[in-house]
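Here's the structure we're looking at; comments come further down.
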Amino acid sequence: MSEAVDRVAVAILAAGRGTRMRSPLAKVLHPVCGVPMVAWSISAAQAAGATRTVVVGSPDGALEAHLPEGVLHAVQPEPDGTAGALAAAVEHLRGTDAVVVLAGDVPLIDAETIDRVLKAHAAAGAAATIATMVLDDPSGYGRIVRDEAGDFVKVVETKQPEDATADQLLLREVNTGVVVFRVDGLGDLLAGVGAANAQGERYLPDAVALLADRGETVIAVEVHDPALTIGVNDRADLARVQQIAQRRICDMHMRNGVTIEAPDSVAIDASVEIGEDTTILLGSVLRGTTVVGAGSTIGPHSVLEDAEVGDGSEITMSRLVLAKVGDGATVGPFAYLRPGADVGNGAKAGTFVELKNATLGEGAKVPHLSYIGDADVGAGANLGASTITANYDGRNKHRTVVGARAKTGVHTSLVAPVEVGEDALTGAGSAITDDIPDGALGIARPRQTNVEGFATRDRDDA
Ligand code: UD1
Ligand code: CA
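The working numbering applies: residue 304 is where the sequence shown begins, and numbers increase by one.
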């Protein structure tokens with residue numbers, strides 16, 4: 304952050320109605336890559352070194368609970384325009400030299416741009432600095448009017464036809480919405496902004512024009528990346544912003560040593576952590592608090608929600624929710640790990656396997672077609688195909704314990720509560736209702752009866 308304005312606050316305006324989202328949820332709380340839109344602006348402000356961040360919300364207070372610790376909340380009593388919004392923040396700006404104003408619905412602004420605009424502001428000793436951009440399609444944006452010398456004069460709004468003249472509508476330099484003000488005298492300045500315009504709102508850019516009018520130094524600084532200024536007014540805008548944000552997240556991981564096979568096919572939330580040399584294959588989705596270690600392979604087509612995966616593990620075409628997988632483990636294809644599933648180091652939850660609230664010890668294997676719920680499977684145990692825990696008696700859930708190195712035959716039903724001892728075996732097709740001691744074979748199925756001649760009896764009769 305610029306030395307000359309070292310006490311810099313950021314005010315994020317977010318009290319607008321956002322009606323075009325058609326949602327009961329406040330516009331700036333709609334998620335962009337898993338975090339609320341407003342959190343993106345807050346992160347950019349903090350990365351730029353803001354010593355104070357103020358978010359201006361509406362009187363319903365909906366935003367307050369979603370703001371990170373240390374971020375101040377100001378209330379704009381009524382949505383009378385962006386000048387009114389900044390006025391609501393002024394009491395929180397005491398002791399700072401400059402305030403950077405951001406719009407809560409322009410989430411892709413970044414720290415470098417904020418820093419660059421601040422440096423220009425400080426270098427010019429300006430009373431206000433407005434960040435502008437030249438757009439091919441400037442419709443809807445406020446246009447920058449300059450005089451013959453090229454100096455800033457004012458901004459004309461274009462949302463409603465009456466504010467701008469036909470000539471002004473040809474201007475392609477727009478107000479990005481990022482404006483820096485000197486804090487000293489800001490309250491009085493904003494009080495002087497009226498609402499005699501097409502929308503009947505108090506426009507914040509008019510405060511910049513007032514300063515220019517008074518002969519104060521006002522500069523307009525052009526920024527060049529149009530992605531930084533995409534405003535979100537409806538859900539189509541939201542998708543455009545999300546796509547760019549997602550690309551940024553993927554780029555960050557790729558620079559940190561993660562291979563992402565097809566970045567346009569994945570969804571990785573901003574909050575996700577991925578270790579070096581991990582590969583994310585086509586169509587994978589990593590959400591929330593998911594953490595993946597180093598050298599693992601996720602996908603293709605795996606969905607991890609609030610999941611934890613260690614180093615060197617493989618998660619193939621599977622879904623993990625609040626589940627944990629250790630190092631060197633294998634999951635899938637087509638596994639479903641539900642909350643409380645915990646697959647140990649070197650363990651395997653294979654094809655068509657569902658785990659819920661169940662731990663697999665080190666090297667334990669559940670290779671095929673199993674439901675294992677409310678269970679502890681010991682290290683090195685191996686559950687035969689289609690081993691199922693009958694964990695629910697219609698009223699209560701019960702636990703199953705399988706000892707270390709035990710092996711179940713295919714189609715074993717483990718009727719909980721039940722315990723299979725260490726090194727024990729079960730016979731194929733057994734419904735195990737009683738505990739099996741260590742090292743024993745538990746077999747629980749009717750003996751086979753062969754009826755001689757039964758199958759060919761008609762032919763023999765003829
Ligand atoms: C604003 C600028 C316009 C600029 C554009 C860039 C004004 C008058 N116009 O237009 O020059 O080109 O941003 O995106 O400033 N808000 C409040 N309280 C209010 C009104 C708005 O907090 O009373 C907040 C909104 O929640 C939003 C931000 O201010 O986050 C911008 O308001 P919006 O109405 O979207 O302004 P634009 O028409 O986009
Ligand atoms: Ca807007």
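Every residue, glycine too, gets a C-beta built ideally from N, C-alpha and C. Predicted model, so just to flag it, every value in this text is computed and none were measured.
Element boundaries [beta strand (DSSP E), containing residue i]
i: residue 492; result: Where residue 492 is concerned, there is no enclosing beta strand (DSSP E), although the alpha helix (DSSP H) it sits in stretches over 489 to 494.
i: residue 659; result: 651 to 663
i: residue 679; result: 668 to 680
i: residue 631; result: Note, residue 631: premise wrong, no beta strand (DSSP E); not H, not E.
i: residue 638; result: 638 to 640
i: residue 475; result: That residue, residue 475, is in no beta strand (DSSP E); it is neither H nor E in DSSP.
i: residue 525; result: 521 to 525
i: residue 376; result: 375 to 378
i: residue 314; result: 311 to 316
i: residue 457; result: 455 to 459
i: residue 449; result: 446 to 449
Which listed residue (the options) has its alpha carbon closest to that of residue i
i: residue 402; options: 420, 411, 408 and 412; result: 420
i: residue 730; options: 721, 736, 746 and 741; result: 746
i: residue 742; options: 526, 752, 709 and 748; result: 709
i: residue 418; options: 576, 312 and 323; result: 312
i: residue 439; options: 473, 429 and 359; result: 473
i: residue 495; options: 501, 510 and 483; result: 510
i: residue 571; options: 551, 579 and 580; result: 551
i: residue 687; options: 463, 344, 630 and 713; result: 713
i: residue 366; options: 316, 497 and 663; result: 316
i: residue 484; options: 516, 430 and 507; result: 430
i: residue 661; options: 692, 547, 637 and 632; result: 692
i: residue 405; options: 447, 516, 318 and 382; result: 318
i: residue 645; options: 663, 394 and 588; result: 663
i: residue 389; options: 480, 756, 641 and 761; result: 480
i: residue 454; options: 498, 515 and 466; result: 515
i: residue 636; options: 630, 647, 657 and 541; result: 657
i: residue 577; options: 568, 567 and 591; result: 591
i: residue 497; options: 513, 482 and 393; result: 513
i: residue 655; options: 627, 477 and 690; result: 690
i: residue 587; options: 579, 425, 613 and 617; result: 617
i: residue 647; options: 672, 615 and 715; result: 615
i: residue 624; options: 533, 422, 575 and 643; result: 643
i: residue 738; options: 751, 748 and 717; result: 717
i: residue 459; options: 487, 507, 416 and 491; result: 507
i: residue 335; options: 666, 518, 600 and 549; result: 549
i: residue 375; options: 598, 348, 386 and 387; result: 348
i: residue 486; options: 425, 505 and 574; result: 425
i: residue 393; options: 359, 522, 384 and 368; result: 359
i: residue 331; options: 353, 369, 488 and 354; result: 369
i: residue 724; options: 715, 736 and 707; result: 707
Residue i, enclosing alpha helix (DSSP H) - first and last residue
i: residue 415; result: 414 to 427
i: residue 625; result: It is not in any alpha helix (DSSP H) - residue 625 carries neither H nor E in the DSSP assignment.
i: residue 501; result: Counting along the chain, residue 501 falls outside any alpha helix (DSSP H), and DSSP gives it neither H nor E.
i: residue 432; result: Note, residue 432: premise wrong, no alpha helix (DSSP H); beta strand (DSSP E) at 431 to 437.
i: residue 409; result: No alpha helix (DSSP H) holds residue 409; DSSP gives it neither H nor E.
i: residue 515; result: 508 to 516
i: residue 389; result: 385 to 392
Burial state of residue i, where buried means 16 or more other Cβ atoms lie within 10 Å
i: residue 380; result: exposed
i: residue 324; result: buried
i: residue 461; result: buried
i: residue 444; result: buried
i: residue 674; result: buried
i: residue 503; result: exposed
i: residue 696; result: exposed
i: residue 340; result: buried
i: residue 754; result: exposed
i: residue 631; result: buried
i: residue 408; result: buried
i: residue 428; result: exposed
i: residue 478; result: buried
i: residue 322; result: exposed
i: residue 722; result: buried
i: residue 593; result: buried
i: residue 733; result: buried
Cβ-heavy atom distance, residue i to ligand 3, below 7 Å
i: residue 508; result: Judged by which ligands are present, ligand 3 is missing from the structure shown, whose ligands are ligand 1 and ligand 2.
field: the region 436 to 452 contacting the region 547 to 564, beta-carbon criterion three pairs below 8 Å
entry: no
- prompt: What residue ranges within the region 322 to 370 form continuous beta strand (DSSP E) runs of no fewer than 3 residues, ordered along the chain?
  reply: 355 to 360
- prompt: Can you list, in chain order, the stretches of the alpha helix (DSSP H) that have 4 or more residues and sit fully within the region 530 to 608?
  reply: 538 to 558
task: Let me know the beta strand (DSSP E) ranges lying completely inside the region 684 to 765, each 3 residues or longer, listed in chain order.
output: 691 to 693, 703 to 705, 716 to 718 and 721 to 723
task: Evaluate contact between the region 690 to 706 and the region 666 to 680, counting only Cβ atoms and requiring at least three cross-stretch pairs below 8 Å.
output: Yes, the region 690 to 706 is in contact with the region 666 to 680.
- request: Decide if the region 518 to 528 is in contact with the region 538 to 546; the criterion is three or more beta carbon pairs, one per stretch, under 8 Å apart.
  value: no
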